[in-house]
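Residue 224 in my numbering sits at position 147 of the sequence shown; the count goes up by one each step and never skips.
Glycine included, C-beta positions come from ideal geometry on N, C-alpha and C.
Some notes on the structure that comes next.
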Amino acid sequence: MSFCLSFPTTGNPAEVLEVVERPLLPLTGHEIRVHMRYAPVNPADLNFIEGNYGRAAHPPAIPGHEGCGEIMAIGPDVTSLEVGDLVIPLLGAGCWAQHMTADEQFFAKLPPGIDRVQASMLRVNPVTAWHLLKKHVSLEEGEWVMQNAGNSGVGRALIQVAKSLGIKTVSFVRREELIPELKALGADAVFLDDENGFAAAKELLQGHELKLAANAVGGDSAIRLMDLLSPEGTLVTYGAMSRRSLKVPNKFLIFKNLHLEGLWITRWFEKASTAELYEVLEPLVKMILHGELVTAVDEVIPMAEHRRAMQRAQEGGRAGKVILDLA
């Protein structure tokens, strides 16, 4: 038998989640069984449980968009993985469980020496950051990229990945105490996400071409990013933390011909080939192994204390991600 977290109906994660016992069935064909070890609590996970995610939940359901664990058993036809391999699921659902069972194609093998907590957070935020920097516009070493929500999981990953690529970053944040923290992480410039911060960034960036801005907030924050972008620049929206719609002043389309794109990394995973997946995962894995990509952790909480974990994940002022210990 095995235990998982499941919700019988959508609602407040701290109230509707429950520990459920389920049987482990014999493996067939290309199936593998993974003993899951750690899984982070992401905003997307909370939205999924609440019923506010881009894909509808169909309770009872097991949440969890990412995690990591070791293979404990394989089916008779498995060829690419072995018992004992450390893997991350590529399914994008069902990771909040002690055991996951799926075909071998839905898992990516990682080197055994990688930190398991960091590996559990590889699939969503670092991959989103890599995609933002590599798949929308062509950025050369020494060029600048802008983002709001610089202290978010994606924002911190983008700062570190950009630094490894020689790309300079301007990040906007809501709290002044975050500025030295992000600079220590490798950010080239950090400003408050208000009119004063906008003015300071405009002065710093004067004379530089600004091709790309990553938007996770919307509302006035996104308008400021569009104002800073150069003509023909691209705004990629991957989140809506302010819960305010993206409103585009006509002048940005008429006189600057800005390009507006969206990114939902879950959809990209569904469409990406194996070669495309490893093109992204391999450099990020190397960065984690070398300590060049580190995701901050607030607390590791046992699955049995899931209510406290959900409450903590919904609080502001955390020092990083809340991680579920699934063992």
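Quick check on DSSP: helix, strand or coil for residue 183? In the sequence shown, counting from the first residue as 1, residue 183 sits at position 106. In the structure shown, residue 183 sits in a helix (DSSP, three-state: H, G or I).
Which residues share a DSSP beta bridge with residue 402? Looking up residue 402 in the sequence shown gives position 325. DSSP, once it has assigned bridges, lists 115, 379 as partnering residue 402.
Endpoints, alpha helix (DSSP H) assigned at residue 362: Taking the first residue of the sequence shown as 1, we reach residue 362 at position 285. Counting along the chain, the alpha helix (DSSP H) containing residue 362 begins and ends at 351-366.
Given a cut-off of 8 Å on the beta-carbon distance, is the pair residue 238 and residue 210 in contact? Position 161 of the sequence shown holds residue 238. Position 133 of the sequence shown holds residue 210. For residue 238 and residue 210, yes; Cβs fall inside 8 Å.
Any 3 or more C-beta pairs closer than 8 Å across the region 96-105 and the region 184-198: no
Can you tell me where the beta strand (DSSP E) with residue 339 in it begins and where it stops? Stepping through the sequence shown from its first residue, residue 339 is reached at position 262. 336-339 is the span of the beta strand (DSSP E), which, as asked, contains residue 339.
Note the first and the last residue of the continuous beta strand (DSSP E) segment covering residue 287. For the purposes of this step, residue 287 is taken as the residue at position 210 of the sequence shown. Unbroken beta strand (DSSP E) run through residue 287: 287-292.
One or two residues paired with residue 238 in a DSSP bridge: Counted from its first residue, the sequence shown places residue 238 at position 161. The partner list for residue 238 (beta bridge, DSSP) is empty, contrary to what the question assumes.
Stretch pair the region 126-144 + the region 86-93: three plus CB contacts closer than 8 Å: yes
What residue range does the beta strand (DSSP E) around residue 222 cover? Sequence index remark: in the sequence shown, residue 222 carries index 145 (1-based). Note, residue 222: beta strand (DSSP E), 221-224.
Return the residue from the list 167, 379, 191, 83 that minimises the CA-CA distance to residue 31. Only positions 78 to 404 of the chain appear in this structure, which leaves residue 31 out of reach.
Rounded to whole angstroms, what's the CA-CA distance from residue 180 to residue 327? Just pull it up for me. The residue you call residue 180 lines up with position 103 of the sequence shown. The residue you call residue 327 lines up with position 250 of the sequence shown. Near 49 Å, if we compare the C-alpha coordinates of residue 327 and residue 180.
Rounded straight-line distance, which links the Cα of residue 335 to that of residue 304: Working through the sequence shown from its first residue, we reach residue 304 at position 227. Working through the sequence shown from its first residue, we reach residue 335 at position 258. Straight-line Cα distance between these residues: approximately 10 Å.
Any idea what DSSP makes of residue 215, helix, strand or coil? Locating residue 215 in the sequence shown gives position 138, counting from the first residue. In this structure, residue 215 counts as coil in the three-state DSSP scheme.
In the structure shown, what three-state DSSP assignment does residue 176 receive? What you label residue 176 is simply residue 99 of the sequence shown in a count that begins at 1. If DSSP states are grouped into helix, strand and coil, residue 176 belongs with the strands.
Inter-residue CB distance, residue 197 and residue 115 (contact presumed, cutoff 8 Å): The residue labelled residue 197 in the question sits at position 120 within the sequence shown. The residue labelled residue 115 in the question sits at position 38 within the sequence shown. Confirmed, Cβ separation roughly 4 Å.
Residue 120 lies in the alpha helix (DSSP H); which residues open and close that run? The residue labelled residue 120 in the question sits at position 43 within the sequence shown. Segment 120-127, the alpha helix (DSSP H) holding residue 120.
Cβ-Cβ distance between residue 316 and residue 289 below 8 Å: In the sequence shown, residue 316 corresponds to position 239, counting from 1. In the sequence shown, residue 289 corresponds to position 212, counting from 1. In this structure, residue 289 does not lie closer than 8 Å to residue 316 by Cβ.
Unbroken beta strand (DSSP E) run spanning residue 452, endpoints: Because the chain here runs from 78 to 404, residue 452 falls outside it and cannot be looked at.
Do you know how far the Cα of residue 157 is from the Cα of residue 244? Reading the sequence shown from its first residue, position 167 is the one you call residue 244. Reading the sequence shown from its first residue, position 80 is the one you call residue 157. Spanning the two alpha carbons is a distance of roughly 36 Å.
Pull up the CB-CB distance for residue 319 and residue 296, whole angstroms please, since I reckon it's below 8 Å. Working through the sequence shown from its first residue, we reach residue 319 at position 242. Working through the sequence shown from its first residue, we reach residue 296 at position 219. Indeed, because the Cβ distance is near 4 Å, the residues count as touching under 8 Å.
Look at residue 389 and residue 374 and say whether their C-beta atoms are less than 8 Å apart. Residue mapping note: residue 389 aligns to position 312 of the sequence shown, counting from 1. Residue mapping note: residue 374 aligns to position 297 of the sequence shown, counting from 1. No.
Report the residue from 221, 284, 307, 312 whose alpha carbon sits nearest the alpha carbon of residue 267. Indexing the sequence shown from 1 puts residue 267 at position 190. Nearest of 221, 284, 307, 312 to residue 267, Cα basis: 221.
For residue 108, tell me which candidate among 397, 148, 85 has the shortest Cα-Cα distance. Your numbering for residue 108 matches position 31 in the sequence shown. Of the listed residues, the one whose Cα sits closest to residue 108 is 148.
Below 6 Å CB to CB, which residues in the same chain sit around residue 265 once its five sequence neighbours on both sides are set aside? Taking the sequence shown and counting its residues from 1, the one referred to as residue 265 is at position 188. Once the five neighbours on either side are set aside, the close Cβ partners of residue 265 are 245, 246.
Counted within 10 angstroms of its Cβ, other Cβ atoms place residue 135 as buried (16 or more) or exposed: What you label residue 135 is simply residue 58 of the sequence shown in a count that begins at 1. Exposed, by the Cβ-count rule.
Can you tell me whether residue 321 is buried or exposed? The criterion is at least 16 other CB atoms within 10 Å of its CB, across all chains shown. On the sequence shown, residue 321 is found 244 positions in, with the first residue counted as 1. Residue 321 comes out exposed.
Reduced DSSP secondary structure (H/G/I, E/B, other) of residue 138: Reading the sequence shown from its first residue, position 61 is the one you call residue 138. DSSP places residue 138 in strand when its eight states are reduced to three.
Going by CA-CA distance only, name the one from 387, 173, 203, 252 that's closest to residue 360. Taking the first residue of the sequence shown as 1, we reach residue 360 at position 283. Closest option to residue 360, Cα to Cα, is 203.
Can you have a look at residue 367 and say buried or exposed, based on whether 16 or more other CB atoms are within 10 angstroms of its CB? Sequence index remark: in the sequence shown, residue 367 carries index 290 (1-based). When all chains shown are included, residue 367 counts as exposed.
Assign residue 291 to one of two classes, buried (16 or more other C-beta atoms within 10 Å of its C-beta) or exposed (fewer than that). As a working note, residue 291 is residue 214 in the sequence shown. By the neighbour-count rule (16 or more Cβ atoms within 10 Å), residue 291 is buried.
Do residue 99 and residue 37 count as a contact pair if the criterion is CB distance below 8 Å? Only positions 78 to 404 of the chain appear in the structure, and residue 37 is not among them; the question remains open.
Residue 146 in three-state terms, based on DSSP: Working through the sequence shown from its first residue, we reach residue 146 at position 69. Three-state DSSP puts residue 146 in a strand.
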